[in-house]
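I have placed the structure first, in the form of structure tokens, so that the comments after it can refer back to it.
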Amino acid sequence: MIEFKNVTKVYEDNGTLALENVSFKINKGEFVFLVGPSGAGKSTLTELIIHEEVATYGEVIVNDFILSEIKKNDIPYLRRSIGMVFQDFRLLPNKTVYDNVAFAMQVIGASRKEIRRRVPSVLSMVGLSEKAKMKPNQLSGGEQQRVSIARAMVNNPPVIIADEPTGNLDPDTAAEIMQLFEEINRSGTTILIATHAKEFVDNMKKRVLAVENGSLVRDEERGGYGYDI
Ligand code: ADP
């Protein structure tokens, strides 16, 4: 669950009003696209969710954590409750596919037994069982993104946030990645995807949040992209 209550974000260093009085609530199990022109405030919005940035006014609530009151010791637990996927994959180049995914479990102190059970199962979900021993540079872009999705899922977070996850992929591969997000969503994981991928937003008929100049200008249940590109 992600809730913004009248959230305003001013970057104090340069006085930029990046978000202004933004309110919305995303319930467990929803699939939401976040759209808007460059500079509209999409990254700021996702950074507030993971507490990388802090709201200037208003309240952000994520998976029962009230972020204005969150204790330092709880920040790792907040971050553990959110799987992140990026446009540029951000895999560790010297580790195998298996180890990239296992590493996300190691850092939270999972046992070797849990890791040995869980990693193969997640790699199978993303269709990469055969590539477990390969290094990222031996994989296609789509396969690398699947690894990063496996890594985001491996600790079973209730929420996955993806920032332009198909930005580096050709249209067919992008379609497969979007399909994978839909499958993950079907098992109950909340998905928030910031994207400029107009065709997918228009075709998939999901909830759409649109920000422009820091304001939430649209929140549509089965929305479209709404901009020409
Ligand atoms: P988007 O992700 O939609 O492109 P951003 O959230 O990155 O938009 O940016 C929103 C506004 O905030 C822009 O004017 C941008 O220049 C500004 N901004 C973003 N990050 C910072 C930062 N760390 N410090 C100062 N200004 C920032």
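Counting in the working numbering, the sequence shown runs from 901 upward without gaps.
Glycine included, every Cβ here is placed at the ideal spot set by N, Cα and C.
The Cβ atoms of M1053 and G1114 do not sit closer than 9 Å to each other. Counting along the chain, the unbroken beta strand (DSSP E) around F904 starts and ends at 902-911. Between E1043 and K1031 the beta-carbon gap is near 6 Å, inside 8 Å, which marks them as a contact. For T916, the three-state secondary structure derived from DSSP is strand. Scanning P1071, I1049, E952 for the CA closest to the CA of I1084 turns up I1049. One Cα belongs to G1027, the other to L1109, and the distance between them is close to 30 Å.
Relative to the ligand ADP, even the nearest heavy atom lies 8 Å or more away from the CB of N921. The three-state secondary structure of K995, taken from DSSP, is coil. With a minimum length of 3 residues, the unbroken runs of beta strand (DSSP E) contained wholly in the segment 1000-1077 fall at 1059-1063. The beta carbon of S943 is closer than 8 Å to those of D1063, A1094 in its chain, skipping five residues each way along the sequence. A Cβ-Cβ contact shorter than 9 Å links N1055 with I1008. By the criterion of a C-beta distance shorter than 8 Å, T996 is surrounded in its chain by A1032, K1033, M1034, K1035, once the five residues flanking it on both sides are discounted.
Taking non-hydrogen atoms of the ligand ADP into account, the C-beta of S1115 is found less than 8 Å away from none of them. Between the ligand ADP and the CB of K942, the shortest heavy atom gap is smaller than 8 Å. In the three-state DSSP reduction, E1121 falls in the coil class, being neither helix nor strand. In the DSSP assignment, R1107 falls within the beta strand (DSSP E) that extends over 1107-1112. In the DSSP assignment, Y957 falls within the unbroken beta strand (DSSP E) covering 957-962. Assignment of N927 by DSSP, reduced to helix, strand and coil, places it in the coil class. Counting only residues of its own chain and dropping the five nearest sequence neighbours on each side, R1018 has a CB closer than 7 Å to the CB of M1005, V1054.
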